[in-house]
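Protein chains in written order, with our numbering: chain E, 16 to 182; chain A, 116 to 315; chain Z, 8 to 170.
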């Protein structure tokens, strides 16, 4: 059974086929046992996903999470507001420890910042490749399912892409 | 004796109306009530805790800014989910700019699907209680490429039709269909593999 | 004016130092040199056939080689403040640094020239592979430098050179 027929089955099950296409496909489905087996598989997957949308809990306290949201709102609105010490750990530490010595404060702030995840800025999950030699090119491939990134280096003159072969 | 929080028992509709009048405390209740769901959707798309935190918080900020435009055409949480999905899609588009190709996408486009995945006949969800099923589904989703996972989430969890998914993802309807097909078959194959591991 | 309290300051420094230990900034990594070929065996007796999870990963890649041989493997740890140099052989080495998150930056050198830089998230279970044709073998085989963050850290403590 070719992929196109499978995709058509999918469209049929998703209600995206209409009119004559739908009627013709129903006739094909009635006589094709492979298609019927595939139908059971696709319906099983949809049913399974409908029942169990993954759940996650925000990995931070509610107060902290909301305080970050409020700060962003205020920044966007150009307002300033005094942070509440019970929510903003970094500010509390700065106020509580300042009299005791700058180096210790800086050290403790850094350690605590890293431990509690109050990291300045945002780190994207993207990857960056930079080839530095004129004669060498780089192609980057990623397989999410294998958790692997491959950086393939090649001689630009020879332009070797022969390493890869999709059957 | 402290006063009882006036917003504690409000349904979403009343909280939204109060927040639309500028009551941040009402908005805080909406966040408390729905933050896990919005975060979960961001995480399911980005598969990265830090990004999911950042994008879910950004979604709440946008929700606050656009609150007056919300007219109750859908539930508040559905409206917020659309916002976080759009932010995630924008972020995923930025990932692509660095030209790292997905091997799964390439395999799908060269027709590797048929050969690699025989039709699944065993029911991999049989006997699983919901918590365990959710955990396996989450694990399996993590093994899909970004593009496949996104199209699956938008169709199966957000119930968007192909045309809308194509528009949101900036691709053709044909691409949506083939990615969705691959994603579903891959999920069936992964869930079956988990079941077989359990039985052996 | 508030008087300086030495004991409190000392306690704070001790606390800060212990928090530093708890942070355990060293990231455990493994590097391997692997050869890909269609030959059934390797000319070097010290090579061993690649197996296990890493072999599965290679098989899942769209490479054309049938066999992969592990030439060298070493475990090491990297920190956040400076690059760790790992020498693969006489002509190849790389520098790697933990950028936090966990995210790493790798600089690959060939014949003392920096060839490529790559930055990526590298949580436990994640693998980065640099690869290219073996020009000495008229592209009939390929080299692979695998850098992985093992899920179970192997027992190695210091940055080391592959010799």
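Where is the CB? At the ideal position from N, CA and C, for every residue including glycine.
Simplified DSSP assignment, three categories, for residue i
i                     : result
residue 274 (chain A) : coil
residue 253 (chain A) : helix
residue 245 (chain A) : helix
residue 148 (chain E) : coil
residue 143 (chain Z) : helix
residue 286 (chain A) : coil
residue 90 (chain Z)  : coil
residue 136 (chain A) : coil
residue 209 (chain A) : helix
residue 161 (chain E) : coil
residue 266 (chain A) : helix
residue 131 (chain Z) : coil
residue 112 (chain Z) : strand
residue 123 (chain A) : coil
residue 71 (chain Z)  : coil
residue 201 (chain A) : helix
residue 119 (chain Z) : coil
residue 168 (chain E) : strand
residue 193 (chain A) : helix
residue 307 (chain A) : helix
residue 29 (chain E)  : coil
residue 142 (chain E) : coil
Proximal residues of chain E, C-beta to C-beta of residue i below 9 Å
i                     : result
residue 276 (chain A) : 29, 30, 31
residue 159 (chain A) : 68, 69, 71
residue 132 (chain Z) : 162
7 Å CB neighbourhood of residue i in its chain, flanking five on each side removed
i                     : result
residue 270 (chain A) : 280, 295
residue 138 (chain A) : none
residue 166 (chain A) : 206
Neighbouring residues, chain E, relative to residue i (Cβ below 7 Å)
i                     : result
residue 135 (chain Z) : 164
residue 127 (chain Z) : 142, 164
residue 139 (chain Z) : 167, 168, 169
residue 293 (chain A) : 22
residue 312 (chain A) : Per Cβ cutoff of 7 Å: no residues; residue 312 (chain A) is ~16 Å from chain E at best.
residue 253 (chain A) : 69
residue 155 (chain A) : 69, 70, 71
Chain-ordered neighbours of residue i on chain A, where CB pairs are closer than 7 Å
i                    : result
residue 60 (chain E) : 299, 302, 303
residue 35 (chain E) : Correct list: empty, because the minimum Cβ distance to chain A is about 19 Å.
Neighbourhood of residue i by C-beta, 6 Å cutoff - its chain only, sequence neighbours within 5 removed
i                     : result
residue 116 (chain Z) : 100
residue 267 (chain A) : 298
residue 104 (chain Z) : 90, 112
residue 124 (chain A) : none
residue 38 (chain Z)  : 81, 93, 154
residue 162 (chain A) : 257
residue 133 (chain A) : 141
residue 151 (chain Z) : 41, 136, 138
residue 128 (chain Z) : 110
residue 185 (chain A) : 194
residue 51 (chain E)  : none
residue 196 (chain A) : 156
residue 149 (chain A) : 192
Cβ neighbours of residue i in the same chain (closer than 8 Å, five flanking residues each side left out)
i                     : result
residue 146 (chain E) : 152, 153, 168
residue 124 (chain Z) : 112, 113, 114, 115
residue 23 (chain Z)  : In this prediction, residue 23 (chain Z) scores a pLDDT of 47, lower than 50, which makes its location untrustworthy; no coordinate-derived value is stated.
residue 92 (chain E)  : none
residue 47 (chain Z)  : 74
Chain-ordered neighbours of residue i on chain Z, where CB pairs are closer than 7 Å
i                     : result
residue 83 (chain E)  : Per Cβ cutoff of 7 Å: no residues; residue 83 (chain E) is ~18 Å from chain Z at best.
residue 153 (chain E) : 123
Within chain Z, the residues that residue i reaches when beta carbons sit closer than 8 Å
i                     : result
residue 146 (chain E) : 122, 123
Contact set between residue i and chain A, taken where Cβ atoms lie within less than 8 Å
i                    : result
residue 87 (chain E) : 172, 173, 176
Proximal residues of chain E, C-beta to C-beta of residue i below 8 Å
i                     : result
residue 309 (chain A) : Going along chain E, no residue has its Cβ under 8 Å from residue 309 (chain A), so there is no contact; the nearest lies around 12 Å.
residue 151 (chain A) : 70, 71, 72, 73
Residue i: CB within 7 Å of a non-hydrogen atom of the ligand GTP
i                     : result
residue 178 (chain A) : Looking for the ligand GTP in the displayed structure turns up nothing, as the structure carries no ligands at all.
Along the segment 173 to 193 of chain A, where does the CB come closer than 8 Å to a CB of chain E? Name the residues.
173, 175, 176, 179, 180
Could you list the residues in the segment 117 to 146 of chain A with a C-beta less than 8 Å from some C-beta on chain E, going in chain order?
139, 143, 146
Check each residue of the segment 105 to 124 of chain Z: if its Cβ is closer than 7 Å to any Cβ of chain E, include it; give the result in chain order.
108, 110, 120, 121, 122, 123, 124
When you check each C-beta in the segment 55 to 89 of chain Z against every C-beta of chain E, which residues fall closer than 7 Å?
64, 67, 68, 69, 70, 71
Suppose only complete runs of 3+ residues qualify. What are the beta strand (DSSP E) ranges in the segment 37 to 65 of chain Z, listed by chain order?
none
What runs of the beta strand (DSSP E), each 3 residues or longer, lie entirely inside the segment 142 to 191 of chain A?
None, since the segment 142 to 191 of chain A contains no complete beta strand (DSSP E) of that length.
Identify every run of the beta strand (DSSP E) within the segment 33 to 87 of chain E, keeping only runs that are complete inside it and at least 3 residues long; order them along the chain.
The segment 33 to 87 of chain E contains no whole beta strand (DSSP E) run of 3 or more residues.
May I ask you to list, following chain order, the residues of the segment 38 to 49 of chain E that have a beta carbon less than 8 Å from some beta carbon of chain A?
49
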